[in-house]
Amino acid sequence: MDAVSENELRASFVNCSRSEAKRMTLPAGLDALDWEPLDFLGWRDPRSPQRAYLVTPHRDGLVGLALRATGRSGLRPGSGLCNLCHSAHPAGDVSLLVAKRAGAAGRNDNTVGTYICSDLACSLYVRGLRPLTLTQPEPVGSPGRVERLRDRLAQFVDRALQDDDALGA
Ligand SMILES: [Zn+2]
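Put into structure tokens, the structure is as follows:
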């Protein structure tokens with residue numbers, strides 16, 4: 001993705017209030033960040049680790065989603081799979097992240113959730129830029145992996161953006 005300024009990042013959020021977007025902690029070192037290998041920018045809030053954020057180019061714009069990790073924290077047995085990039089991790093390194101949906105649906109506490117790499121570094125994993133410890137169902141560098149990550153991400157963002165009222169539901 002192209003580099004995004006701090007103001008653009010804060011303005012991209014569709015599922016939290018303006019004041020929340022203004023207050024949120026942005027990732028450190030934005031100026032020095034290599035954006036080129038990123039399909040989305042994702043980070044955890046260091047002051048409030050169950051909060052996570054994801055910003056991605058989507059359709060013709062930039063969409064930011066505020067996410068919240070749910071469920072038990074700490075070590076769990078077994079392994080888990082990220083639904084976006086299909087990387088396998090020890091279970092504690094995959095989080096169920098839930099986004100309030102945009103608009104009226106979100107104000108009614110309507111959410112969408114999925115399992116995502118806890119460090120939100122999917123873009124780096126599919127490119128082999130961050131090592132993985134477990135045997136992978138899809139080898140790093142297999143053809144189409146980046147495109148599949150982008151497709152799954154776009155579907156997740158669409159689910160968060162979908163307005164049931166607009167669909168007459
Ligand atoms: Zn992932």
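Under UniProt numbering, the first residue of the sequence shown carries the number 1, and numbering increases by one thereafter. No residue lacks a Cβ here, since even glycine has one placed at the ideal position from N, Cα and C. Model, not experiment: these values are computed from the prediction.
*So, using beta-carbon positions, are C122 and S95 closer together than 9 Å?*
no
*Based on Cα-Cα distance, which residue from V126, M24 and R159 lies nearest to R148?*
V126
_Alpha carbons only, please: which of G64, G92 and L84 is nearest the one belonging to A102?_
G64
*asked:* Taking the beta carbon of A32 as the centre, do at least 16 other beta carbons fall within 10 Å, making it buried, or is it exposed?
replied: exposed
_I need the straight-line Cα distance from F40 to A52, nearest angstrom please._
13 Å
*Name, in chain order, the residues that DSSP records as bridge partners for G113.*
V98
*Just to confirm, does L84 get its C-beta within under 8 Å of one of the non-hydrogen atoms of ligand 1?*
yes
*List in chain order: all unbroken alpha helix (DSSP H) runs of 4+ residues lying wholly within the stretch 16–56.*
18–23
*Kindly identify the DSSP beta-bridge partner or partners of G141.*
In the DSSP output, where bridge partners are listed per residue, G141 has none listed.
*When DSSP labels each residue in this structure, what does V157 get in the three-state scheme?*
helix
*Report the option in R145, A28 and R130 whose CA atom is closest to the CA atom of L84.*
R145
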